[in-house]
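Mapping the sequence shown onto my numbering, position 215 (from 1) lands on 215, and the numbers just tick up by one.
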Amino acid sequence: MLNKYARGFFTALFTPLASWLIRHRVSPDAVTIIGTLGVMIGGLVFYPLGQLFWGTIFIVLFVFSDVIDGIMARQQERKGKWGAFLDSTLDRFADGALFAGVSIWFFTGGGNDAIGIAALICLVLGMLVSYIRAKAESLGFNANVGLAERAERLVFLLTATGLVGLGIPEPVLLVVLIALCLASCVTIAQRMGTVRRQSAAAGVVGEDLDQDLGKDT
């Protein structure tokens, strides 16, 4: 949902920066890689050290690279599939680093196993949400629907984690993570249902299923 309503705002906000980067011969791929590395450093260095607020600030400085590289690609009329593949792949690294970092801290110095477990469950469910869309698109379906897409997961995680770093009670973060788990489950169901309906409409339900078994590793 945030992708739908916030894309125009952030495109307008970051277009001048994207244009400046292009003029200085910076490629969209470089922005994607640097942004992912920044997010991963914030998630796997700051968070495990208990620097939840400053880690969040550091991450926010890099997380919008996902918007900037897309603007740059459109301005340069890049239509190849490599950029989309790289972007999607590195998004998984970034997401994993964020939830893993939160989990590591609360399993160790943070001393709150419930939050650590909830963060790990969010990590697994988030990967499933992304995989379902990617698999659906590889089969010719559209699964770009759902209550908790990547933008929602990141906004709520970063906001709650940063606020806990400022001193709000830890149960707030636990509640947010549990809500994200539930929202991810709903999103998984929504995407599977959407693909099921498209498949039924195309008259291919039940066909060639055996051929696809064992292909995913």
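Beta carbons: idealized from backbone N, C-alpha and C, even for Gly.
Predicted model, so just to flag it, every value in this text is computed and none were measured.
{"Query": "Terminal residues of the alpha helix (DSSP H) in which residue 135 lies", "Result": "113 to 138"}
{"Query": "Per-residue DSSP class, three states only, for residue 147", "Result": "coil"}
{"Query": "Sub-7 Å separation of residue 39 and residue 63 beta-carbons", "Result": "yes"}
{"Query": "Any 3 or more C-beta pairs closer than 8 Å across the segment 115 to 124 and the segment 81 to 92", "Result": "no"}
{"Query": "Sequence-distant residues of its chain with Cβ nearer than 8 Å to residue 58 (five each side left out)", "Result": "38, 41, 42, 46"}
{"Query": "Distance, residue 83 Cα to residue 27 Cα", "Result": "10 Å"}
{"Query": "Continuous alpha helix (DSSP H) stretch holding residue 90: start and end", "Result": "82 to 107"}
{"Query": "CA-to-CA distance, residue 156 to residue 209, given in whole angstroms", "Result": "Unreliable placement is indicated for residue 209, whose pLDDT of 49 sits below 50; the coordinate value is still reported in the next sentence. Rounded to whole angstroms, residue 209 to residue 156 spans 37 Å at the Cα level."}
{"Query": "Beta-carbon separation (whole angstroms), residue 183 vs residue 172, contact threshold 8 Å", "Result": "With a Cβ gap of about 16 Å, residue 183 and residue 172 do not count as contacting."}
{"Query": "Cβ-Cβ distance between residue 197 and residue 180 below 7 Å", "Result": "no"}
{"Query": "Residue closest to residue 56, alpha-carbon to alpha-carbon, out of 81, 14, 163, 140", "Result": "163"}
{"Query": "Whole-angstrom distance between residue 109 and residue 142, CA atom to CA atom", "Result": "42 Å"}
{"Query": "Element boundaries [alpha helix (DSSP H), containing residue 65]", "Result": "65 to 75"}
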